[in-house]
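*Asks:* Numbered according to full-length UniProt numbering, the sequence shown spans residues 1 to 62.
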Amino acid sequence: HYGKRIQVRAYVDDLVVFASSMKDVRRACEIILEFCAWTNKRINKGKTKLLGLGIWTLHKTP
Numbered sequence: 001h002y003g004k005r006i007q008v009r010a011y012v013d014d015l016v017v018f019a020s021s022m023k024d025v026r027r028a029c030e031i032i033l034e035f036c037a038w039t040n041k042r043i044n045k046g047k048t049k050l051l052g053l054g055i056w057t058l059h060k061t062p
C-alpha cells in the first residue's frame, strides 16, 4: 500500500502534487513521466521544485 493518498492540483500547464510518503512521491513521478510520454510533453526542470516539510528534509529526492 501507498501512504494515505496522493493529491493533485492542476491548472493549465501547472501541476502541484501532495504526497504523504516517499513511495507516493516516486509513484507520482512515474505517473507524470508516463503521461508526458503519452502526450509528447516534457517537464521543464528549470521550473520544477520539490518542497519537503517536516521529516521530508531527511530524504533524497527522486
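The beta-carbon is built from N, C-alpha and C at its ideal position, and this holds for glycine as well.
Pull up the DSSP beta-bridge partners for residue 6, would you.
*Replies:* Taking the first residue of the sequence shown as position 1, residue 6 is located at position 6. Answer is 19, bridged to residue 6.
*Asks:* Would residue 6 pass as a contact of residue 28 if the rule is Cβ separation under 8 angstroms?
*Replies:* Taking the first residue of the sequence shown as position 1, residue 6 is located at position 6. Taking the first residue of the sequence shown as position 1, residue 28 is located at position 28. Result yes, Cβ atoms of residue 6 and residue 28 sit closer than 8 angstroms.
*Asks:* Within 10 Å of its beta-carbon, does residue 10 have 16 or more other beta-carbons around it, so buried, or fewer, so exposed?
*Replies:* Your numbering for residue 10 matches position 10 in the sequence shown. Looking at its Cβ environment, which holds fewer than 16 other Cβ atoms inside 10 Å, residue 10 is exposed.
*Asks:* Using 8 angstroms as the threshold, is the C-beta distance between residue 15 and residue 8 below it?
*Replies:* Looking up residue 15 in the sequence shown gives position 15. Looking up residue 8 in the sequence shown gives position 8. In this structure, residue 8 lies closer than 8 angstroms to residue 15 by Cβ.
*Asks:* Please work out which residues of its chain come closer than 6 angstroms, Cβ to Cβ, to residue 17, disregarding the five sequence neighbours upstream and downstream, and give them in chain order.
*Replies:* Sequence index remark: in the sequence shown, residue 17 carries index 17 (1-based). Once the five neighbours on either side are set aside, the close Cβ partners of residue 17 are 8, 28.
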